[in-house]
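Asker: Here the protein sequences come in this chain order: R and Z.
Going letter by letter, the first sequence gives residues 1095 to 1272 in the numbering used here.
Going letter by letter, the second sequence gives residues 28 to 202 in the numbering used here.
For each residue, glycine too, the CB sits at the ideal point set by N, CA and C.
Note that the structure is a prediction, hence the values are computed from the model and not measured.
Below is a structure I'd like to ask you about.
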Amino acid sequence: MVSFSEMILRKAFRIDEGKVRMLNKIDYIMMPARAMAKMLQKIGEDFGKEFLFELGYKAGTDAANEFFEHFKLAGRAVPLKLNFLITLLQVLGFGRLDVKILNVKTNQALGYITKHPVIEAAKNLYGRKSMICAHYMGVYSVHADRELSIKGCKLTETRCVTKGDPYCEWSYNVFSKK
Amino acid sequence: MTYDPLKELIVKKAIAIEDNRIKLFHTIDYTLYPGRALAIILQQLGKKGGKKYLFGLGSIMGNDAIDEMEEYLKKVEKFVPDRIKTLQPILEISGFAKFDTIEYKDKDIIFKLTKHPVIDFGVKLFGKDSMVCEFYRAVFSAFCRKLLKSKNYELVENKCIRKGDPYCEWSYKNG
Chain R
1095 MVSFSEMILR
1105 KAFRIDEGKV
1115 RMLNKIDYIM
1125 MPARAMAKML
1135 QKIGEDFGKE
1145 FLFELGYKAG
1155 TDAANEFFEH
1165 FKLAGRAVPL
1175 KLNFLITLLQ
1185 VLGFGRLDVK
1195 ILNVKTNQAL
1205 GYITKHPVIE
1215 AAKNLYGRKS
1225 MICAHYMGVY
1235 SVHADRELSI
1245 KGCKLTETRC
1255 VTKGDPYCEW
1265 SYNVFSKK
Chain Z
28 MTYDPLKELI
38 VKKAIAIEDN
48 RIKLFHTIDY
58 TLYPGRALAI
68 ILQQLGKKGG
78 KKYLFGLGSI
88 MGNDAIDEME
98 EYLKKVEKFV
108 PDRIKTLQPI
118 LEISGFAKFD
128 TIEYKDKDII
138 FKLTKHPVID
148 FGVKLFGKDS
158 MVCEFYRAVF
168 SAFCRKLLKS
178 KNYELVENKC
188 IRKGDPYCEW
198 SYKNG
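Structural data, given as structure tokens:
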């Protein structure tokens, strides 16, 4: 797996004029993780977890579209896309994904998420009252569908760092069949 | 040659990748958000809650970002060059904007911005209906209030690319 440092060295990411550009094609904005946690919590408190999930789903859909537009991911094998996705999610500050179950035939997925700077910030700020995981579950759900072929994926949470668990556990079609 | 605080900090390793995460001063965690996706969700939030709500979110973001920066800068005051601690570099290294110019005219401060990935996407996608600027107006206002220790509340928009202007311009009455 390629580390972010290596990606910088290989010029996959360039920091210039206040933004981060990936492979000269996709622009990213740097946002402080703690401030992001506060904003997402506010949105969750005002409009609910479902809305926060949908927002993440919408953002993830657009991001997936951008990847497909620019990097021609369609037609590539799932393991290749999985490696790309795991590396990318981590360098973006969307956490370290450890895939435990990924079965395209049975349409199941389960993963552990750790080292997510925004979720960690939310844990410190809000503890068990944190709602922000919903946003990232939305993001991950789209990518599981689009890049990993888990059709109709809408992840649900069974463990959470903000509740004292050692990792967030998100899954689709594992604990309840769809 | 224009001063580039981000590059200075990268060279000095004050912005570095640690454990595959971007950290400023080895302490402040950053996350990267795709500019286009961010424009889409900000617009969605504006539609859901209105412009004032979006402004409120920008205030939350801006206030906490500058608080975190100030908390840290106080601890390492001696090691951070003075030229970093002013408004323009702080806005840039916080990730929010690289302004073309910030002009000081008596008590007025005028901000001019021609390129911003999220604002630009907002205009591309939503045209004159884009509300993305409202979020950033709040972020910039928060930074001004804190760094300039001003009682005045918010920046005023003078020009905007969504209205067909060649650049975005905000002004701020300091005092």
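Check each residue of the stretch 1143-1159 of chain R: if its Cβ is closer than 7 Å to any Cβ of chain Z, include it; give the result in chain order.
Answerer: Correct list: LEU1149, LYS1152, ALA1153, ASP1156 and ALA1157.
Asker: Could you name the residues of the same chain whose beta carbon sits closer than 7 Å to that of LYS1245(R), not counting the 5 residues immediately before and after it, in chain order?
Answerer: Hits under 7 Å: ASN1201 and ASP1239.
Asker: Only counting runs of 3 or more residues, tell me where the beta strand (DSSP E) segments fall wholly within the stretch 59-119 of chain Z, in order along the chain.
Answerer: With a minimum length of 3 residues, no continuous beta strand (DSSP E) run stays inside the stretch 59-119 of chain Z.
Asker: Quick one: is CYS195(Z) buried, meaning 16 or more other Cβ sit within 10 Å of its Cβ, or exposed?
Answerer: Per the 10 Å Cβ criterion, buried.
Asker: DSSP state of SER1265(R), grouped into three classes?
Answerer: Residue state, collapsed to three classes: strand.
Asker: Note down, in chain order, every chain Z residue with its Cβ under 7 Å from the Cβ of GLY1221(R).
Answerer: The premise fails here: GLY1221(R) is roughly 17 Å from chain Z at the closest Cβ pair, so nothing lies under 7 Å.
Asker: For LEU1091(R) versus LEU1183(R), is the C-beta spacing smaller than 7 Å?
Answerer: There is simply no residue 1091(R) to check, as chain R begins at 1095 and stops at 1272 in what is shown.
Asker: Less than 7 Å between the beta carbons of LEU182(Z) and TYR199(Z), yes or no?
Answerer: Contact flag set, yes.
Asker: Among the candidates ILE136(Z), LYS50(Z), LEU72(Z) and THR128(Z), whose CA atom is the shortest distance from the CA of LEU175(Z)?
Answerer: Out of ILE136(Z), LYS50(Z), LEU72(Z) and THR128(Z), ILE136(Z) has the C-alpha closest to the C-alpha of LEU175(Z).
Asker: Using a Cβ-Cβ cut-off of less than 9 Å, give me the residues of the stretch 1178-1209 of chain R that come near chain Z, in sequence order.
Answerer: Answer in chain order: THR1181, GLN1184, VAL1185, LEU1186, GLY1187, PHE1188, ARG1190 and LYS1209.
Asker: Between PHE1149(R) and ILE68(Z), how many whole angstroms is the CB-CB distance? I'm expecting something under 8 Å.
Answerer: The residue you asked about is not Phe; residue 1149(R) is Leu in the sequence shown. At roughly 5 Å, the Cβ-Cβ gap stays under 8 Å, so LEU1149(R) and ILE68(Z) are in contact.
Asker: Specify the secondary structure class of MET1095(R) as computed by DSSP and reduced to three states.
Answerer: Any reading at MET1095(R) needs caution, since the residue's pLDDT is 48, under 50, leaving its predicted position unreliable; the model's value is listed next. In this structure, MET1095(R) counts as coil in the three-state DSSP scheme.
Asker: To the nearest angstrom, how far is the alpha carbon of LYS83(Z) from that of TYR1234(R)?
Answerer: The amino acid occupying residue 83(Z) in the given sequence is Gly; Lys does not appear at that position. If you take the alpha carbons of GLY83(Z) and TYR1234(R), they lie about 27 Å apart.
Asker: Go ahead and pull the three-state DSSP assignment for LEU1103(R).
Answerer: Low per-residue confidence applies at LEU1103(R): pLDDT is 49, beneath 50, and the placement is therefore not dependable, though the value from the model is reported in the following sentence. Note: LEU1103(R) maps to helix in three-state DSSP.
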